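Undergrad:
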Ligand SMILES: Cc1cc2nc3c(=O)[nH]c(=O)nc-3n(C[C@H](O)[C@H](O)[C@H](O)COP(=O)(O)OP(=O)(O)OC[C@H]3O[C@@H](n4cnc5c(N)ncnc54)[C@H](O)[C@@H]3O)c2cc1C
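In the working numbering, the protein residues as written are 5 to 417.
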């Protein structure tokens with residue numbers, strides 16, 4: 005039998021993890037990994053945290069070095085985009101005209117940042133943060149500037165605000181059109197803790213206001229808001245979310261609906277064509293709803309499931325969603341469902357900022373927020389999967405260990 009030709013579009017975290025999983029599952033196949041960025045595959049989370057604060061080197065976020073990819077016989081074509089997928093001829097065409105034939109194809113194209121369309125947005129020293137190149141350019145500028153305006157109080161905007169203040173001592177103002185920080189589905193407890201922390205470190209916030217223009221004489225000098233306020237600044241970071249990179253998939257006729265639609269196995273609407281990572285819209289078995297999740301976890305693990313299925317191994321993706329974010333050396337982790345209507349029980353660990361809040365639905369723990377208590381995550385995951393025989397009072401008591409209570413039971417009042 006001829007060896008199988010696998011092509012992966014997108015050499016980010018999901019693409020790289022998929023390539024390695026393919027090699028594990030099929031020692032003989034030809035694996036071609038194509039990425040638009042000129043860099044070896046790397047993990048993005050540290051860009052707004054450790055790399056920006058200087059605690060972590062950009063080299064340390066590379067997932068696999070060139071020699072390791074060569075050892076796995078993974079062919080890399082970096083700095084090139086795939087411009088077309090020809091499903092009939094089973095080939096992809098690159099921006100330099102080269103084409104590669106595939107038997108099985110994976111799209112791991114991730115997301116691109118949402119742009120602001122206001123006048124002056126092209127002025128120098130206005131940044132967004134998605135790539136390592138963005139991070140290095142921003143870092144260089146922050147070292148020279150006193151004032152930073154962050155547009156958007158989402159996770160990335162707030163992490164940048166914290167890192168800029170912590171490392172460079174910048175005066176930071178965050179402008180947010182909504183009524184508070186983290187407006188997209190974060191639980192109140194998380195919003196309040198992060199907002200209070202940022203305020204305590206001197207970060208200023210303007211809510212319910214929108215940028216109407218950026219102004220300056222050759223470089224950014226002022227941010228004009230619709231309220232009429234003018235913020236003087238020498239650097240701006242725009243963090244207003246991302247858009248899934250689905251254009252290529254849509255042009256090829258794959259089903260696209262807030263991401264590339266895949267089934268539990270990572271297969272798209274076209275047989276033999278898979279997608280993985282942040283770009284996918286999939287049914288989350290735990291949340292029982294279709295979601296597109298912007299997180300490290302989905303890139304890391306859904307990619308492996310999809311790669312295994314490209315080799316016919318038959319496994320489905322059913323993880324409990326988990327996410328973390330870091331601000332001023334404080335770690336916040338969310339797992340499972342933390343919706344607004346759920347009952348909450350909080351365990352305080354005595355430190356100023358250390359707690360675990362459990363989210364409970366009809367006696368079952370369905371989620372948690374761990375603030376500087378990441379050690380609880382594994383047990384909460386177990387409790388969500390298996391159940392826990394414990395009272396609410398015990399749950400709130402930091403001296404009670406959770407592990408011995410893990411059984412198929414529920415939380416009692
Ligand atoms: C600054 C930052 C901080 C983050 N922090 C956290 C965190 O704390 N916790 C957490 O859980 N998650 C975090 N995330 C999210 C997480 O990093 C992403 O969800 C993850 O990187 C998604 O990986 P991916 O491989 O699916 O997509 P991506 O990382 O976006 O990779 C996709 C790659 O495909 C390439 N590509 C796209 N189209 C084409 C094409 N046509 N041809 C060739 N190549 C193409 C792109 O250039 C890109 O390199 C953060 C993200 C950022 C940007």
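Glycine included, every Cβ here is placed at the ideal spot set by N, Cα and C.
Computed from a predicted structure; not experimentally measured.
Report the residue ranges of all beta strand (DSSP E) runs contained in full by the region 208-290; include only those spanning at least 3 residues, in chain order.
TA: Complete beta strand (DSSP E) runs here, min 3: 208-211, 215-219, 226-229, 234-236, 240-242, 246-248, 277-279 and 284-288.
Undergrad: Got a sec: does ligand 1 put a non-hydrogen atom nearer than 6 Å to the Cβ of residue 71?
TA: Residue 71 Cβ: outside cutoff for every heavy atom of ligand 1.
Undergrad: CB of residue 86 to nearest heavy atom of ligand 1: below 6 Å?
TA: Flag set: Cβ of residue 86 near ligand 1.
Undergrad: Counting C-beta neighbours from all protein chains within 10 Å, is the total for residue 130 16 or more, i.e. buried, or is it exposed?
TA: Result: buried.
Undergrad: Excluding sequence positions up to five away, which residues of its chain have a Cβ less than 8 Å from the Cβ of residue 122?
TA: Closer than 8 Å at Cβ, skipping near neighbours: 215, 216, 217 and 218.
Undergrad: What number of angstroms, rounded off, separates the C-alpha of residue 366 from the C-alpha of residue 346?
TA: Each residue's alpha carbon lies about 9 Å from the other.
Undergrad: DSSP puts residue 425 in a beta bridge; with which residues?
TA: With the chain running from 5 to 417 in the structure shown, residue 425 is simply not present.
Undergrad: Taking only three categories from DSSP, how would you classify residue 360?
TA: Note: residue 360 maps to strand in three-state DSSP.
Undergrad: Which of the three DSSP states is assigned to residue 351 in this structure?
TA: If DSSP states are grouped into helix, strand and coil, residue 351 belongs with the strands.
Undergrad: Leaving out the 5 sequence neighbours to the left and right, which residues in its chain are closer than 7 Å to residue 399 when beta-carbon positions are compared?
TA: These residues qualify, in order along the chain: 349, 351, 362 and 415.
Undergrad: Just the C-alpha distance for residue 177 and residue 202, rounded to the nearest angstrom, thanks.
TA: Going from the Cα of residue 177 to the Cα of residue 202 covers about 11 Å.
Undergrad: Taking the alpha carbon of residue 32 as the point to measure from, which residue in 50, 49 and 77 has its own alpha carbon closest?
TA: It is 77.
Undergrad: Closer than 7 Å by C-beta to residue 254: which residues in its own chain qualify, once you throw out the five before and the five after it? Chain order, please.
TA: The answer, listed in chain order, is 260.
Undergrad: Any heavy atom of ligand 1 closer than 6 Å to the beta-carbon of residue 306?
TA: Checking the Cβ of residue 306 against ligand 1 gives no.
Undergrad: Consider the C-beta atom of residue 453 and the heavy atoms of ligand 1; say whether any pair is separated by less than 6 Å.
TA: Residue 453 lies beyond the residue range present for the chain, which begins at 5 and ends at 417; the question has no answer from this structure.
Undergrad: Consider the C-beta atom of residue 152 and the heavy atoms of ligand 1; say whether any pair is separated by less than 6 Å.
TA: Answer for residue 152: no, Cβ out of range of ligand 1.
Undergrad: Between 81, 55, 417 and 327, which has its C-alpha nearest residue 381's C-alpha?
TA: Out of 81, 55, 417 and 327, 327 has the C-alpha closest to the C-alpha of residue 381.
Undergrad: Taking 7 Å as the threshold (C-beta atoms), are residue 235 and residue 153 in contact?
TA: Yes, the Cβ-Cβ distance between residue 153 and residue 235 is below 7 Å.
Undergrad: Do residue 47 and residue 17 have their C-beta atoms closer together than 7 Å?
TA: Yes, these two residues count as a Cβ contact at 7 Å.
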